[in-house]
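Under the working numbering, the very last position in the sequence shown is 523; numbers go up by exactly one each time.
For each residue, glycine too, the CB sits at the ideal point set by N, CA and C.
Structure record follows, encoded as structure tokens.
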Amino acid sequence: MTMYLSMTDQDYEQVRREARLHTAKELGLGDGSTLTDSELDAAINSRDHVAHDLLHRFLDTYQLWWETSRELAEAHPASPSQRERLVKMIDAREEIRKTLLNYLGYVRAREFVNT
Numbered sequence: 409m410t411m412y413l414s415m416t417d418q419d420y421e422q423v424r425r426e427a428r429l430h431t432a433k434e435l436g437l438g439d440g441s442t443l444t445d446s447e448l449d450a451a452i453n454s455r456d457h458v459a460h461d462l463l464h465r466f467l468d469t470y471q472l473w474w475e476t477s478r479e480l481a482e483a484h485p486a487s488p489s490q491r492e493r494l495v496k497m498i499d500a501r502e503e504i505r506k507t508l509l510n511y512l513g514y515v516r517a518r519e520f521v522n523t
């Protein structure tokens, strides 16, 4: 089992799964736990294209951060420019995560107001 700091590959995959499940739940699609990732993606996309796009931008950004941080963890010590690049990736990851969560909050509020 590969581990980067205190995060395992399994933890990484769990974050990706939870992001899909959370998005589906916020869009009113139920808990989605019995669906595969591709089934969740299809359901999310059919419900809300913007949420689907934001989710996948998060997943792509998260994957890039994960792969880069693992590479840097194996190449001791990381140079200052490598560390700076990783910090920028963390910032980008957090920004798209916040954007996704804010959008999902907007969707829930909109549905609440319209009911």
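Item, Value
"Assumed close pair residue 516, residue 470 - CB separation to whole angstroms, cut-off 8 Å", "With a Cβ gap of about 23 Å, residue 516 and residue 470 do not count as contacting."
"Closer than 7 Å: residue 499 CB and nearest the ligand NAP heavy atom", "Annotation note on the ligand NAP: not contained in the displayed structure, which lists no ligands."
"Classification of residue 492 by the beta-carbon crowding that lies within 10 angstroms, buried from 16 upward", "exposed"
"C-beta contact flag for residue 443 and residue 451 at 8 Å", "yes"
"Under the three-state DSSP convention, the category residue 416 falls into", "strand"
"Buried or exposed (CB count within 10 angstroms, at least 16 for buried), residue 432", "buried"
"Helix, strand or coil at residue 409 according to DSSP, with G and I counted as helix", "Because the pLDDT at residue 409 is just 42, under 50, the model does not fix this residue reliably, and the value given afterwards should be weighed accordingly. In this structure, residue 409 counts as coil in the three-state DSSP scheme."
"Bounding residues of the alpha helix (DSSP H) (the contiguous stretch that carries residue 457)", "457–482"
"Residue 436, DSSP secondary structure in three states", "coil"
"Extent of the continuous alpha helix (DSSP H) to which residue 507 belongs", "488–521"
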